[in-house]
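Reading through the structure tokens given below for one structure.
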Amino acid sequence: MKYTDDQIADIGEEIIKELKTVYDPEIPVDIYELGLVYDVQISDEGEVLVIMTLTSPNCPVAETLPVEVEDKVKGVEGVKSAKIELTFEPTWTKEMMSEEAKFELGML
């Protein structure tokens with residue numbers, strides 16, 4: 001069964017809610033607000049690709065954070081499969097954080 005555009009949008013909203021429950025252990029802000037999630041692609045079959053980065057290539061959770069993200073995305077109703085792609089292009093900078101994240105960290 002193929003999903004409609006509205007169903008894909010609903011799945012996307014639920015994925016974002018889940019991503020906002022995943023925190024970088026060194027920074028008390030979720031990975032979505034930190035700007036670590038570059039893209040979420042959802043096919044009409046419910047296959048999801050999350051393109052994300054880490055605050056640095058040497059991040060201590062480089063092994064575990066993508067697995068946590070994949071598990072959270074797979075748990076969203078309507079998701080048939082999930083793949084996490086780590087990239088370091090473009091390099092993450094503090095400017096990628098949302099206003100909310102900057103406020104939370106006292107940067108505003």
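Under UniProt numbering, the sequence shown has 46 at position 46, and the numbering climbs by one with no breaks.
Backbone N, C-alpha and C define an ideal beta-carbon position, used for all residues, glycine too.
Note that the structure is a prediction, hence the values are computed from the model and not measured.
Cβ-Cβ separation between residue 48 and residue 37: approximately 12 angstroms, too far for a contact (criterion under 8 angstroms). Per DSSP, reduced to three states, the secondary structure at residue 51 is strand. In terms of Cβ geometry, residue 10 and residue 22 do not form a close pair [threshold 8 angstroms]. If you draw a straight line from the Cα of residue 34 to the Cα of residue 73, it is about 18 angstroms long. In this structure, 82 is the residue among 103, 82 and 13 with its C-alpha nearest to the C-alpha of residue 68.
Beta-bridge partners assigned by DSSP to residue 83: 49. In the three-state reduction of the DSSP assignment, residue 42 falls in the strand class.
When the alpha-carbon of residue 43 is set against those of 102, 103, 106 and 5, the nearest one is in 5.
Following the DSSP letters along the chain, one finds residue 34 inside the alpha helix (DSSP H) bounded by residues 31-34. Boundaries cannot be given for residue 88, as no alpha helix (DSSP H) includes it and DSSP labels it neither H nor E.
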